[in-house]
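2 protein chains.
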Amino acid sequence: MSFRRVLAAGVAAGLMLAAAGASAGPLAGFTAENAARQQALEAQFDKALSGEEMKGWLETLSSEPNHVGSPHDKANADLMLAKFKSWGWDARIETFEILYPTPVAEKLELLGPHPFTAALHETPVDGDRTSGRTATALPPYVAYQGDGDVTADIVYVNYGMPEDYKALERLGVSVKGKIVLARYGAGWRGLKPQLAEEHGAVGCLIFSDPADDGYATDDVWPKGGQRPPQGVQRGSVQKMMIYAGDPLTPGVGATKDARRLTRETATTILKIPALPISYADAQPFLEAMGGPLAPRSFRGALPITYRVGGAGAASAHLLVKSDWSLKPIYDVIAVMKGKEFPDQWVVRGNHHDGWVFGATDPLSGNVVLMEEAKAIGTLAKSGWRPKRTLVYASWDAEEPGLIGSTEWAEAHGAELQKKAVAYVNSDSNERGFLNAEGSHSLQTLVNQVAADVTDPETGVSVAERRRARAQVNGARPGAADAVKAEAEIAAKGGELPLAPLGSGSDYSAFIQHLGVASIDLGYGGEGEMGGVYHSIYDSYDHYLRYGDPDFRYEVALAQTAGRIMLRLADADTPPLRLEPVSAAITRYLKEVKQLVEKAKADDLQFATLTATKAFALADDPTRPTHPPTAETAVGPLDFTAMDTASQRLARATTAFDSAYAASVGHLSKTQQAALEPVMSGLEQALTAPEGLPGRPWFHHMIYAPGMLTGYGAKTLPGIREAIESRRWAEAQAYIGVVARTLDGYSSRLEQTTAALPAK
Amino acid sequence: MSFRRVLAAGVAAGLMLAAAGASAGPLAGFTAENAARQQALEAQFDKALSGEEMKGWLETLSSEPNHVGSPHDKANADLMLAKFKSWGWDARIETFEILYPTPVAEKLELLGPHPFTAALHETPVDGDRTSGRTATALPPYVAYQGDGDVTADIVYVNYGMPEDYKALERLGVSVKGKIVLARYGAGWRGLKPQLAEEHGAVGCLIFSDPADDGYATDDVWPKGGQRPPQGVQRGSVQKMMIYAGDPLTPGVGATKDARRLTRETATTILKIPALPISYADAQPFLEAMGGPLAPRSFRGALPITYRVGGAGAASAHLLVKSDWSLKPIYDVIAVMKGKEFPDQWVVRGNHHDGWVFGATDPLSGNVVLMEEAKAIGTLAKSGWRPKRTLVYASWDAEEPGLIGSTEWAEAHGAELQKKAVAYVNSDSNERGFLNAEGSHSLQTLVNQVAADVTDPETGVSVAERRRARAQVNGARPGAADAVKAEAEIAAKGGELPLAPLGSGSDYSAFIQHLGVASIDLGYGGEGEMGGVYHSIYDSYDHYLRYGDPDFRYEVALAQTAGRIMLRLADADTPPLRLEPVSAAITRYLKEVKQLVEKAKADDLQFATLTATKAFALADDPTRPTHPPTAETAVGPLDFTAMDTASQRLARATTAFDSAYAASVGHLSKTQQAALEPVMSGLEQALTAPEGLPGRPWFHHMIYAPGMLTGYGAKTLPGIREAIESRRWAEAQAYIGVVARTLDGYSSRLEQTTAALPAK
């Protein structure tokens, strides 16, 4: 489902990485001799990769609808199982039973003088061979909405984000008892019905406005690659920022006999009905609306005057009814045992379920994972074996809520926390730039790999190309400070920081629940998956024209993820470097302090504006607005604990990195064996058992999906989100929790450093 | 024609003013005793003002098309002449003979597979009683385009501004030999065909995109106030930034026997044909275009994918033919002689010609000028007489090129330079906020007056309301630094700086050619004149609904401009204060220095990006772009002369203001008589005889319309525009010219200060 990543690449806000020049120095974690051997192995690995092969698999896997529970989804799992086995892997299918609602009735009508019934249907188009093959497909819907049959006035809420409700409040428009109409964009889909529900709405429609996703962006499918008028974005609206996975089994694997919540007691399921619709279906509703003129930020690209409604001008009838039975899901798990450290696992995953045909999302990534497994099988057949154990997994049920990966991670949680060195994820993949996000202990590894993979379009390394782009983005007029900072690092050829992980693909349970160091990888920014994202038009034919027509970026992703897996598996010592962890945390701490200063300045400004009645005096009395409401004043916050902890962390990581790098090749077998679990367990020292406020499933204290961003990451989330929502006592409490966590991490590093042999 | 001002108000970038609190202190230029007398006079003046009367005049004056040369325009002049006389003024009509082209044939066709003939016609609509009364109206056109009959491919150039041509160059699209299609906005209309011509285009179409001017902004006329699909913005495309007025008589009055250039030798007339069109007419052309996808900044609100064309996909046939004969124009001039200083003139002006009915532009301002003259007549009938002479002028032919005012100013140039204390201009006027721009020597006067006029909608002073708005705008996320700076001044209750004058209304010849201190005044920001600007729908009916329905802002403008006129006429000493002049110049000097620093930083960045091939590497090879071309490197610039001159100016203004304020009421008749011409001539000391580079008609060294903004002001234009265009030798030369000019100004102040009686 990782559309966010593609978007981020598009605007260059995403992560960024690039390497400190070609890897002239030794590979992290390898002796010079073993580094040379590893590079030879990687060359052999590359030779086994075939774009044509991936193309064939993609066509097969995307030939029929393959959503959770569909026959073709199961057939795909079976096909992969056979393939993994044929490549020499120890493979199996693990099954879980999950709550997965599927629509059985949907209706949407505009009432009043110009009645209209929404089509709620995507029609076949020429040039897209599977677009007529929808007999086994589900109609457009959003999973885990609340079902219902409601008739009410409609209110247009723009993107349906918190600032949009503030704007509506200033216009005196409430959504209480109304059906909201929100457009896709600005924040995660699931937040739209959730915030609507919290504001008292009785239903929610979500449409793709052509300004963001349609003709305004380029020609539409099949003339071009963008969303056609009848195209609908499906998706999950499960509250995954509370916990991911099966809503009925938080924290445990959804095995046949697991203890289950009921649908009513599961906190991640919405209460109100919601439907996604096309812009062709949305336009009559928007045209019928009265009420105040929509603020400028609410305007889309339909040829109408956008108004916010709420004045009784337009009312709608919305019905959604679903089958709420349990359905089986199929995770394909393939293992290649390590010869030296079999209990150290390097895990790789990509999901195989789509919303309809899922050619780009997720199968473009899934065939890469298969290709890596095949190439590794080839290496194995020539006698090589990994030092550490490799686990390749093709997850089911990612789309409804990261379910296949989460249930597996929960079912094997204790074992993973003991054994997993890292989790490497991918999802959709297209032409363009390498995007990588993840644990900062892996930043150096990712930068070194990116310097060793050649970009198919330009012939330079993918790191260098990414650096070029960072520089060009930083040179744009009005570039944000963060973008400019990255451009500066890029211009100097430095190691560019990884962006933090939020959510939106299968790494969540690994990094945020279990504390397994994780990386998410993919190429993008030149393809056009956005235009068909989660619609029936995300097809093989579309991918051939607008994804990665000659499968060269599919090969590039296999080279990138494959190298990361092979280096993690074969390094003399796990290739972690921790100064980037300290640097990231220092940066994040500075940011949250700036948030507080900003809040104080805002308070002061607001007080002045209120005292001078400026809001009222600046108003046009024929379009009156309410002045903004005052927010909770900034409370006292003491950052001393965090300051002290982050300074200790900086010292600890510097000392550790130096001693650790010096120890490579100088450790006895016993020393090495003792070090292995310490290193794989390190990321867990960044978690706290109590988890985040209101969502104890999320243990990681540095990275989390934002409660009000959905996919987008929040760093130091316990502190940052409390400040953003002006819960000052909670912010102070989490300054303590995070500082204590960092101290634990530093303490572990200090002990390990002391135990390493002196240089 | 002053739409720019309305726009500026809309985005709050405009000037800004507000007062230093209520005018508790003495009025500038008055003894305390005379200040009280003056305020009593102003109260009497207010009593004579009538909104109903202005409403009646507006209906009559806008009842028929009143463009230059139309019978109704002449009838309006005759009507005003009779009115002025009846109010006791010494009134006359002054006539000039000007080149004024009027269209005799127009044609626009889309050729190719989907042929289309543009309507080029605005249809009558219900609820707009004059919209069918167009028998004597001209069809939509732009005055002083070049005529022609051309057939060529079309290229969409966005706003047709320099940065748009840079974007097209990066896409590899040239307009050479093509017809360009530009949308209104971002820069003055006349720059669009001019830049098109300079880039080799053979024709130019200008349309109103609904994103900027149509349904995207609000409901369209007559349902709402915004531009309907068939609405067209007429206007002048004369190169007024070279010189204003009749193209055939630069620098001299266009009297019957004046020496004239030919049309071919006049440098302000374009060579290529151009037409303004509606968005209904533009859409088929935009839809037919091929070529690269338009960059994001090029996208408007039509329901299409915007492309830039140029690939032979769409070609057009454009024909424009005009009657280029001379036409007579009629300036109405009314004089009330001053009893103490008859040779000191305070001049007030507003134009009376419109593009069609011209209800808002210009008649809403013109009836205010009439109302002021009537009220002053009432004061005169009760025995009062101004100390200095009042001149009220209703100009003709402003729309084609500020012609009536410019020819009059040129014809009477020597006399005006000897006698004119100040020129006070207005144009369109609507509900909203006071906008004032002008000479900084008048800043204190304007601020004091704004504190004494009550805002009709809120009951606070118009200064306080303006301050409220400045604060609210400054609090917006992402507010520009200048907006924030103004908000800060506003929050402290300080005197807000006047914005500088560019062009777009009748003050140009006074301030920029003759060096007469000038002010432009108007209310706006809540009306919707923009939606009907320069179309047949700028009607009395539209003004009654969307301009100033109860004529309270018409009264407010009369109170504002009237007070300024009366204080200038009656003050013991002319109410100038010069510290604001020095403050403004200091601010502008800082800005131009920052431009140089910015240019240096840009050069450095560009060099890095070029060295690393970043542009090429960041490109999508399926949508290749050319890297930006290098600009002339920043040359050495020595600002010492300006630094020294501005420091001397600061000292001179402070000393002068203090001595001048102390002298009020302490001057003998002889001293006062000697001081008067010094004060009225002061602004001329800010001019230089050589004028600006390439446009010697523009003498003012501090304010000018920008060569590449058209209406928008450039301050320290000789220096600033040279820097912006990277002509370093010219920049250095003008640092010298401006410094010398400032030294002359300071020297005059120093002498005057020395001559004033000691405190």
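Just so you know, the protein sequences line up as chains A and B, in that order.
First residue of the first sequence: 1470, per my numbering; consecutive thereafter.
First residue of the second sequence: 1470, per my numbering; consecutive thereafter.
Glycine is no exception: its CB is placed at the ideal position from the N, C-alpha and C atoms.
**Request:** Using a Cβ-Cβ cut-off of less than 9 Å, list which residues of the region 2069-2082 of chain A approach chain B; keep chain order.
**Result:** 2071, 2074, 2075, 2077, 2078, 2081 and 2082
**Prompt:** Can you list, in chain order, the stretches of the beta strand (DSSP E) that have 3 or more residues and sit fully within the region 1576-1645 of chain B?
**Reply:** 1617-1625
**Message:** So, with DSSP's three-state summary, where would you put residue 1864 of chain B?
**Reply:** strand
**Prompt:** Which residues in the same chain as residue 1600 of chain B place their Cβ atom closer than 6 Å to its Cβ, once the five residues preceding and following it in sequence are excluded?
**Reply:** 1593, 1594 and 2005
**alpha helix (DSSP H) runs wholly inside the region 2124-2167 of chain B, at least 4 long, in chain order** = 2138-2150
**Request:** Indicate whether residue 1572 of chain A and residue 1740 of chain A have their beta-carbon atoms separated by less than 9 Å.
**Result:** no
**Item:** Residue-level contact to chain B via CB, residue 1771 of chain A, 9 Å cutoff
**Value:** yes
**Asked** What separation, rounded to the nearest whole angstrom, lies between the Cα atoms of residue 1656 of chain A and residue 1498 of chain A?
**Response** 39 Å
**Message:** Can you tell me where the beta strand (DSSP E) holding residue 1649 of chain A begins and where it ends?
**Reply:** 1648-1652
**Prompt:** residue 1633 of chain B to residue 1746 of chain B, Cα distance in whole Å?
**Reply:** 20 Å
**Request:** Could you name the residues of chain A that residue 1927 of chain B contacts, counting a contact when the two beta carbons are closer than 7 Å?
**Result:** 2086
**Request:** Quick one: measure Cβ to Cβ for residue 2131 of chain A and residue 2208 of chain A, integer angstroms, because I've assumed they're closer than 8 Å.
**Result:** Not confirmed; about 30 Å, so no contact.
**Prompt:** Exposed or buried, residue 2032 of chain A, counting other C-beta atoms within 10 Å across all chains shown (16 or more means buried)?
**Reply:** buried
**Message:** Any contact between the region 1858-1877 of chain A and the region 1532-1548 of chain A? By contact I mean 3 or more CB pairs, one from each, below 8 Å.
**Reply:** yes
**Message:** Once the 5 residues before and after residue 1596 of chain B are set aside, which same chain residues still bring their CB inside 7 Å of it?
**Reply:** 1691 and 2010
**Message:** Cutting at 7 Å between CB atoms, please list the residues of its own chain near residue 1959 of chain A, excluding the five before and the five after it.
**Reply:** 1487, 1936, 1939, 1940 and 1965
**Asked** What did DSSP end up calling residue 1722 of chain B once you bin it into helix, strand or coil?
**Response** coil
**Prompt:** So, helix, strand or coil for residue 1676 of chain A, using DSSP?
**Reply:** strand
**Request:** Give the DSSP bridge partners of residue 1810 of chain A, in chain order.
**Result:** A:1857
**Request:** Could you work out which residues of chain C lie near residue 1940 of chain B, taking near to mean beta carbons separated by less than 8 Å?
**Result:** The structure shown has no chain C; the protein chains it does contain are A and B.
**Request:** Check whether the Cβ atoms of residue 1729 of chain A and residue 1723 of chain A lie closer than 9 Å to each other.
**Result:** yes
**Request:** Name, in chain order, the residues that DSSP records as bridge partners for residue 1745 of chain A.
**Result:** A:1675
**Prompt:** From the DSSP output, which residues share a beta bridge with residue 2122 of chain B?
**Reply:** In the DSSP output, where bridge partners are listed per residue, residue 2122 of chain B has none listed.
**Prompt:** To which residues of the same chain is residue 1641 of chain B closer than 7 Å at the C-beta, ignoring the five residues directly before and after it?
**Reply:** 2095
**Message:** Within the continuous alpha helix (DSSP H) that includes residue 2099 of chain A, where are the two ends?
**Reply:** Unbroken run through residue 2099 of chain A: none, as it is neither H nor E.
**Message:** Only counting the same chain, and skipping five residues up and downstream in sequence, which positions put a Cβ closer than 8 Å to that of residue 1678 of chain B?
**Reply:** 1652, 1653, 1654, 1748, 1751, 1769, 1770 and 1771
**Request:** Assign residue 2189 of chain B to one of two classes, buried (16 or more other C-beta atoms within 10 Å of its C-beta) or exposed (fewer than that).
**Result:** buried
**chain B contact for residue 2091 of chain A (CB, 9 Å cutoff)** = yes
**Message:** Using the three-state DSSP reduction, which class does residue 1797 of chain A fall into: helix, strand or coil?
**Reply:** strand
**Asked** Which partner residues of residue 1792 of chain A appear in the DSSP bridge assignment?
**Response** A:1571
**Item:** Exposed unless 16 or more other CB atoms sit within 10 angstroms - verdict on residue 2081 of chain A
**Value:** buried
**Message:** Please tell me whether residue 1981 of chain B and residue 1810 of chain B are closer than 9 Å, where the distance is taken between their beta carbons.
**Reply:** no
**Message:** Can you tell me whether residue 1480 of chain B is helix, strand or coil according to DSSP?
**Reply:** Below a pLDDT of 50, predicted positions are generally treated as unreliable, and residue 1480 of chain B, at 34, falls in that range; no measurement from the model is reported.
**Asked** How about residue 1889 of chain A and residue 1815 of chain A: are their beta carbons less than 9 Å apart?
**Response** yes
**Asked** Is residue 1889 of chain A helix, strand or coil when you go by DSSP?
**Response** strand
**Prompt:** CB residue 1514 of chain A to CB residue 1623 of chain A, shorter than 9 Å?
**Reply:** no
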